[in-house]
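Using UniProt numbering, you'd call the opening residue of the sequence shown number 1 and step up by one each time.
Note that beta-carbon positions come from the ideal geometry of N, C-alpha and C, so glycine has one too.
Only a predicted model underlies this, so the values are computations on that prediction, with no experimental measurement involved.
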Amino acid sequence: MADIFGNNGNNTLTGGNADDRIFGFAGNDVLNGGNGNDMLFGGAGNDTLNGGNGNDTLFGEAGNDSLNGGNGDDSLFGGAGNDTLNGDNGNDTLRGEAGNDRLNGGNGNDSLLGGAGNDTLDGGNGNDTLLGEAGNDSLNGGNGEDSLVGGTGSDTVNGGNGDDTIVWNNGDGSDTVDGGNGTDTQVVNGAAAGDVFTVARVGTGPTVQFDRTNLGNFRLTLDSVERLTVNGLGGDDRLTIGNLAATALGLVTFNGGAGNDTLDGSGTAVRIVANGGDGNDFLSGGSGNDSLNGDNGNDVLAGGRGADTVNGGNGDDIIVWNNGDGSDTVSGGAGSDTQVVNGSTTDGDFFTVRNDGGKVDFDRVNLGNFQLTLDTVERLTVNGGGGGDRLVVQNNLAPTGLTSLVFNGGEGDDTLNGNGTTTPILANGGNGNDLLTGGNGNDTLNGDNGNDTLNGGAGADSLSGGAGNDVLNGGTGNDVLIGGLGRDTLNGGLGNDIYRYNSVAESPTGVANRDVIQGFGDSVLNNDRIDLSAIDARPLTPFVNDAFTFIGTSAFSAPGQVRAINVGNDKLIQVNTVGFGFFPFGNPPEMEILLAGGANLTIGADDFIL
């Protein structure tokens with residue numbers, strides 16, 4: 001290696017074919033490396049350094065220098081001053097360092113680093129990496145698939161031709177970005193603390209405005225950018241996506257990272273890909289065909305309108321379908337996951353659900369038809385909303401892994417048909433005259449308000465009529481029947497059933513008011529029982545919940561007594577809580593229950609829970 005030294009004057013120094021080291025020192029020098037892998041040091045002054053052929057290293061040092069790499073994979077360092085660096089041919093590395101520098105990558109896959117100052121970086125041809133660093137910089141990717149990072153300061157970024165990636169890192173300034181031709185991506189890397197981001201079009205488009213409204217506020221103005229990726233990193237991050245119609249954006253990706261993150265995509269039709277990361281996240285898609293992944297944590301995921309793919313990941317997740325949403329494919333993932341379906345609030349929905357090869361196939365076959373395909377989802381909750389809703393179970397759901405089916409009818413006359421499934425059903429009819437039929441599992445059917453008919457089917461069922469004149473049929477199994485307010489007709493069916501009363505008002509006296517129990521089996525034959533334990537037998541006795549006393553067919557002699565008498569072919573149960581003296585000369589009973597056709601029953605204390 002030859003060393004060539006200038007002096008403090010204006011020198012022109014030229015290397016040979018070997019690997020030279022050329023030192024210009026002070027003065028406005030011209031250094032030519034020639035052939036070989038040369039090192040050129042401009043020194044003080046406004047120098048021109050030409051690397052020539054070979055893989056050269058050029059140091060402009062002090063002054064406003066011009067560095068030309070020439071052929072080969074060169075490294076150019078501008079040093080102090082306003083320098084111009086030209087990589088020319090090869091895969092070059094250009095560092096402007098201090099000053100307002102201009103860096104031109106030329107041909108090849110180049111790396112351009114502006115350093116301090118307001119720099120201009122032009123990648124040229126090739127897949128280049130441009131880092132503006134400090135200052136208000138101008139970055140132009142040129143041709144190729146480039147990566148552009150503005151750095152701190154208010155930067156202007158143009159991707160040029162090719163599929164470019166523009167990166168904003170936490171602490172960078174407010175930038176203006178034009179992706180240029182190709183499919184370009186803007187990446188935003190948030191803070192370790194929770195970021196609050198918003199993105200929407202400016203006016204009617206096509207410009208996109210991206211803001212952070214907390215921490216260190218900033219704004220990105222985006223044109224001709226097709227993809228946006230937002231990385232929340234640490235903290236509880238929030239991204240709200242507004243209307244992006246008439247802009248170039250076709251995909252928004254949100255990676256929440258650690259923390260309890262929130263995505264609200266309801267304002268856009270652009271496709272969304274969201275990954276919640278660690279934490280209990282809330283991810284809501286828009287009207288596009290979105291992909292939502294809850295990852296770790298107990299997440300709430302709502303696909304929105306469009307054909308969405310939803311994956312709960314680890315944790316006990318809730319996946320929500322709202323009226324007007326599209327047909328979705330759902331995987332609950334690990335944990336105990338729940339699919340919630342919210343039907344129309346005004347019109348009656350007709351839903352069907354079935355086992356389809358181990359997955360749950362859930363459909364609405366009226367109004368706006370849709371289909372949900374559910375895998376590894378343990379619970380399904382269907383909220384009918386307004387109107388007369390109908391849910392039909394078409395086969396046994398147990399092979400799907402579904403462990404609970406909940407139907408909330410809401411307003412209107414609702415219908416449930418459990419159709420033999422062994423998956424336990426919880427049904428709440430709501431207001432209206434409802435018809436609720438369970439399956440072969442242990443079901444809970446609540447009629448609520450209205451004149452309801454509840455059919456438990458097989459299994460140990462719990463039936464509660466609520467207010468209204470209800471009909472309750474327990475079916476096979478050891479059932480619990482609660483008529484509630486109103487004149488109810490109850491039939492436990494086969495099994496040891498319990499007829500439960502919580503108030504004397506649930507079965508007042510008189511033919512037009514009292515409940516009728518059909519098919520009651522006494523303790524001698526079937527061991528059905530009437531449960532009065534929730535009623536205070538002596539309400540006038542303070543601070544004590546007294547139990548009743550069964551007195552057979554005897555007349556009432558004190559409060560807190562229950563008796564059974566024959567009335568034609570029936571058995572009449574009478575309950576006294578506040579009376580005194582001998583009925584009919586004292587107070588009459590406050591409660592009566594008719595056991596239809598039960599005149600031959602042998603009723604004793606064992607037939608009650610007193």
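**Item:** Under 8 angstroms between C-beta atoms of N513 and R487
**Value:** Going by beta carbons, N513 and R487 fall inside the 8 angstroms limit.
**Asked** Over what stretch of residues does the beta strand (DSSP E) that includes Y501 continue unbroken?
**Response** That residue, Y501, is in no beta strand (DSSP E); it is neither H nor E in DSSP.
**Request:** Please classify A605: does DSSP put it in a helix, a strand, or coil?
**Result:** Note: A605 maps to helix in three-state DSSP.
**Asked** Between which two residues does the beta strand (DSSP E) containing R201 stretch?
**Response** Its beta strand (DSSP E) spans residues V196 to R201.
**Prompt:** So, is A427 buried or exposed, given that buried needs 16 or more other C-beta atoms within 10 angstroms?
**Reply:** With 16 or more neighbouring CB atoms inside 10 Å of its own CB, A427 falls in the buried class.
**Request:** Could you pull out every residue in the same chain whose Cβ sits closer than 6 angstroms to the Cβ of G581, ignoring the five residues on either side in sequence?
**Result:** Its pLDDT being 48, under 50, G581 is placed unreliably in this model, and the coordinates cannot settle the point.
**Message:** For T12 and L58, what's the separation of their Cα atoms in angstroms?
**Reply:** Distance between T12 and L58, taken at the CA atoms: about 15 angstroms.
**Item:** the ligand GDP heavy atom lying under 7 angstroms from the CB of D236
**Value:** The ligand GDP is absent from the structure shown, which contains no ligand whatsoever.
**Prompt:** Would you call the segment 409 to 427 and the segment 360 to 375 in contact, with 3 or more CB pairs under 8 angstroms?
**Reply:** Short answer: they don't touch.
**Asked** Which whole-angstrom value is the C-beta distance of R212 and V196, which I expect to be below 8 angstroms?
**Response** With a Cβ gap of about 7 angstroms, R212 and V196 count as contacting.
**Asked** DSSP state of T549, grouped into three classes?
**Response** Assigned with DSSP and collapsed to three states, T549 falls in strand.
**Prompt:** If we count Cβ pairs, one from each stretch, closer than 8 angstroms, do we get three or more for the segment 321 to 328 versus the segment 297 to 310?
**Reply:** Because the criterion of three Cβ pairs below 8 angstroms is met, the segment 321 to 328 and the segment 297 to 310 touch.
**Request:** Just mark T423 as buried or exposed, buried being the case when its beta carbon has 16 or more other beta carbons within 10 Å.
**Result:** So T423 ends up on the buried side.
**Nearest-angstrom Cα separation, counted from I272 out to G144** = Whole-angstrom Cα-Cα distance: 27 angstroms.
**Asked** How long is the line joining the alpha carbons of G90 and N107, rounded to whole angstroms?
**Response** In this structure, the straight-line span from the alpha carbon of G90 to that of N107 is close to 6 angstroms.
**Integer-rounded CB distance, given that D317 should sit under 8 angstroms from L292** = Under the criterion of beta carbons closer than 8 angstroms, L292 and D317 do not qualify as touching, at roughly 10 angstroms.
**Asked** If you count every other CB in all the chains shown that lies within 10 Å of the CB of A534, and 16 or more means buried, which is it?
**Response** By the neighbour-count rule (16 or more Cβ atoms within 10 Å), A534 is not buried but exposed.
**Message:** Below 8 angstroms on the Cβ atoms is my contact criterion, and I expect G72 with N50 to pass it. Report the Cβ-Cβ distance as a whole number of Å.
**Reply:** With a Cβ gap of about 12 angstroms, G72 and N50 do not count as contacting.
**Request:** Measure the alpha-carbon distance for T268 versus L249 and round it to whole angstroms.
**Result:** So the two alpha carbons sit approximately 11 angstroms from each other.
**Asked** Distance, Cα to Cα, I482 vs I603?
**Response** Distance between the alpha carbons of I482 and I603: 20 angstroms.
**Prompt:** At which residues does the beta strand (DSSP E) containing A2 begin and terminate?
**Reply:** Annotation: the continuous beta strand (DSSP E) that includes A2 extends over A2 to F5.
**Cα-Cα separation between G358 and T156, rounded to whole angstroms** = When rounded, the distance between both Cα atoms is 54 angstroms.
**Request:** Just mark F41 as buried or exposed, buried being the case when its beta carbon has 16 or more other beta carbons within 10 Å.
**Result:** When all chains shown are included, F41 counts as buried.
**Message:** So, for V30: in the same chain, excluding its five sequence neighbours on each side, which residues have a beta-carbon less than 6 angstroms away from its beta-carbon?
**Reply:** For V30, where only same-chain residues beyond five positions count, the Cβ hits under 6 angstroms are T12 and T48.
**Request:** With a 10 Å radius around its C-beta and 16 neighbouring C-beta atoms as the bar for buried, classify A274 as buried or exposed.
**Result:** It counts as buried.
**Request:** Take the Cβ of D83 as the centre, count every other Cβ of all protein chains shown within 10 Å, and call the residue buried at 16 or more, exposed below.
**Result:** By the neighbour-count rule (16 or more Cβ atoms within 10 Å), D83 is buried.
**Item:** From L532, L594 and V562, residue whose alpha carbon lies closest to that of G519
**Value:** Out of L532, L594 and V562, L594 has the C-alpha closest to the C-alpha of G519.
**Message:** Does T422 come out as helix, strand or coil in the three-state DSSP assignment?
**Reply:** Correct three-state label for T422: coil.
**Request:** Tell me S533's beta-bridge partners as DSSP assigns them.
**Result:** By DSSP's assignment, S533 forms no beta bridge with any residue.
**Message:** Counting C-beta neighbours from all protein chains within 10 Å, is the total for G324 16 or more, i.e. buried, or is it exposed?
**Reply:** Flag for G324 reads exposed.
**Request:** Consult DSSP for G345 and reduce its assignment to one of helix, strand or coil.
**Result:** In the sequence as presented, Gly is not what sits at residue 345; that position holds Thr. In the three-state DSSP reduction, T345 falls in the coil class, being neither helix nor strand.
**Request:** If I'm right that D461 touches D443 with Cβ under 8 angstroms, what's the distance once you round it to whole angstroms?
**Result:** Contact check for D461 and D443: beta-carbon distance about 5 angstroms, within the 8 angstroms limit, so the pair qualifies.
**Asked** Any idea what DSSP makes of V382, helix, strand or coil?
**Response** Three-state result, V382: strand.
**Request:** Identify which residue in A98, L485 and N37 has its Cα closest to the Cα of G70.
**Result:** Here the closest residue by C-alpha is N37.
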